[in-house]
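Enquirer: Residue numbers (mature numbering (1 follows the signal peptide of the UniProt record, and there is no 0)): -20 to -1, 1 to 257. So that we are looking at the same thing, I have put the structure below in structure tokens.
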Amino acid sequence: MTANILRSVVVLLALQFVFSQDFGSLIRNCRVQHTERLNECVVGAVKIMQPKFAKGIPELGLPRMDPLKLEDFSLNQADGAVRFSANFRNLSITGVGRFELKYLDINTVAGSVHLGCVVPALSVRGNYDINGRVFELPVEGNGPFIALLEGIVAEGVGFVSVQNNRLQMTRMELDFKIKNFKSKVERLFGGNDVLRSTLEHFLTENTDVVLEQVRPTLVNNMNSFLTTVVNVILGQLPSDVMSRIPNTNSLDKHRARTLRVQAEKRNAAAAAGSRAG
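What follows is the structure, encoded as structure tokens:
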């Protein structure tokens, strides 16, 4: 365990001393110097370049991540003590650029890329207008809307092929999970904090309804960004480089993780089949 940690530290330190700190040079250094632990080295390169991702890197085709624009959406609640119709407009979200790449396994033999990242928090800001009733009291108002999404985990599997003698990821299936959601509405109920907090509590308790509206834009933007990042990485690698890394008994911890997860899924499927039989 200590030896593995030490090797990872050495890889990261080596990256930090690369003369040119542009992303392409970092990836090429991984290709030349750290083939047996290529995935680990690439993750280290992404972490070094992290501060630049939020603003984008136009020369690499990486778009600006903060802020992102979200589609307008509406919520309607017709039953219970809280009944309302609300519209949310001019929405933007910040924090995506602070994502942390947790694992990356590029495997051209299997034609796949397994990756996972976390985003500590996302802030959504915009405007709302609402009318309805809360505890039979009329509700009508408009003003700023703020929401905080915490503990975002994105995991995906991409599909890789060789195009024009270069590796490219053409498609990715991304799973997106959000741990916590909090919201705040301002200038509502004439300053009645009890009614305002009641509505905010309702929105928090019905997180799935709100996230169902926000999720598609988040997933699409995150999917597009991660696909671009992966393809920039793949563009620096010859099409056969990954075939030289063993699919089993690899020193690379990200490949080892993929193999472990796949084995667990096979065992679970086999156990389920045995019970069904």
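Every residue, glycine too, gets a C-beta built ideally from N, C-alpha and C.
Does DSSP classify Phe205 as helix, strand or coil?
Expert: Mapped onto the sequence shown, residue 205 falls at position 225. In this structure, Phe205 counts as helix in the three-state DSSP scheme.
Enquirer: Quick check: what's the CA-CA separation for Ala252 versus Val26?
Expert: Residue numbering aside, residue 252 sits at position 272 when the sequence shown is read from its first letter. Residue numbering aside, residue 26 sits at position 46 when the sequence shown is read from its first letter. Taking the straight line joining both Cα atoms gives about 39 Å.
Enquirer: Below 6 Å CB to CB, which residues in the same chain sit around Asp52 once its five sequence neighbours on both sides are set aside?
Expert: The sequence position of residue 52 within the sequence shown is 72, counting from 1. The answer, listed in chain order, is Arg69.
Enquirer: When DSSP builds the beta bridges, which residues end up paired with Ser72?
Expert: Here residue 72 corresponds to residue number 92 of the sequence shown, with the count starting at 1. Answer is Lys49 and Arg105, bridged to Ser72.
Enquirer: What residues are listed by DSSP as bridge partners for Cys97?
Expert: As a working mapping, residue 97 is identified with position 117 in the sequence shown. Leu81 and Ala134.
Enquirer: In terms of alpha-carbon separation, which member of Phe33, Leu48, Leu50 and Ser103 lies closest to Leu42?
Expert: Within the sequence shown, numbered from 1, the residue matching residue 42 stands at position 62. For the residues Phe33, Leu48, Leu50 and Ser103, the minimum Cα distance to Leu42 belongs to Phe33.
Enquirer: CA-CA distance, Asn211 and Val140?
Expert: Here residue 211 corresponds to residue number 231 of the sequence shown, with the count starting at 1. Here residue 140 corresponds to residue number 160 of the sequence shown, with the count starting at 1. Taking the straight line joining both Cα atoms gives about 9 Å.
Enquirer: Would you kindly work out how many angstroms separate the C-alpha atoms of Lys245 and Asp85, rounded to a whole number?
Expert: In the sequence shown, the residue the question calls residue 245 occupies position 265. In the sequence shown, the residue the question calls residue 85 occupies position 105. When rounded, the distance between both Cα atoms is 17 Å.
Enquirer: Going by C-alpha distance, which of Ala58, Gln13, Val12 and Phe3 is nearest Pro31?
Expert: As a position in the sequence shown, residue 31 is number 51, starting the count at 1. Here the closest residue by C-alpha is Phe3.
Enquirer: Just the C-alpha distance for residue 263 and Leu239, rounded to the nearest angstrom, thanks.
Expert: Limits of the chain in this structure are -20 at one end and 257 at the other, which puts residue 263 out of reach.
Enquirer: In the DSSP output, which residue or residues are listed as bridge partners for Leu55?
Expert: By one-based count along the sequence shown, residue 55 stands at place 75. BP columns for Leu55 point to Ala66.
Enquirer: Whose C-beta lies closer than 7 Å to the C-beta of Lys159 among residues of the same chain, with five residues either side of it excluded?
Expert: Along the sequence shown, one-based indexing puts residue 159 at 179. For Lys159, where only same-chain residues beyond five positions count, the Cβ hits under 7 Å are Glu130 and Gly131.
Enquirer: Under 8 Å by Cβ, that's how I've got Ser103 and Ile73 pegged, so tell me the actual separation to the nearest angstrom.
Expert: Position 123 of the sequence shown, counting from 1, holds the residue named residue 103. Position 93 of the sequence shown, counting from 1, holds the residue named residue 73. Their Cβ separation, rounded to whole angstroms, is 7 Å, which keeps Ser103 and Ile73 in contact under 8 Å.
Enquirer: For Ala127, which residues does DSSP report across the bridge?
Expert: Position 147 of the sequence shown holds residue 127. The partner list for Ala127 (beta bridge, DSSP) reads Val104 and Ser163.
Enquirer: Give the single residue among Thr208, Asn200, Phe125 and Ser163 whose Cα lies nearest to the Cα of Glu185.
Expert: Counting from 1 along the sequence shown, the entry for residue 185 is found at position 205. Of the listed residues, the one whose Cα sits closest to Glu185 is Ser163.
Enquirer: Can you tell me whether Gln242 is buried or exposed, with buried defined as 16 or more other CB within 10 angstroms of its CB?
Expert: For the purposes of this step, residue 242 is taken as residue 262 along the sequence shown, with counting starting at 1. Exposed, by the Cβ-count rule.
Enquirer: Since Glu166 and Gly123 are thought to touch, with beta carbons under 8 Å apart, how far apart are those beta carbons, to the nearest angstrom?
Expert: Here residue 166 corresponds to residue number 186 of the sequence shown, with the count starting at 1. Here residue 123 corresponds to residue number 143 of the sequence shown, with the count starting at 1. About 5 Å; that satisfies the 8 Å criterion.
Enquirer: Give me the DSSP bridge partner(s) of Leu147.
Expert: Position 167 of the sequence shown holds residue 147. Note: Leu147 sits in a beta bridge opposite Val142.
Enquirer: Quick check on the DSSP output: the alpha helix (DSSP H) that includes Phe33 runs from which residue to which?
Expert: Residue 33 sits at position 53 when you count from the first residue of the sequence shown. Note, Phe33: alpha helix (DSSP H), Leu18 to Phe33.
Enquirer: My output table needs one value for Arg44: the three-state DSSP class, helix, strand or coil.
Expert: Taking the sequence shown and counting its residues from 1, one reaches residue 44 at position 64. Three-state DSSP puts Arg44 in coil, outside helix and strand.
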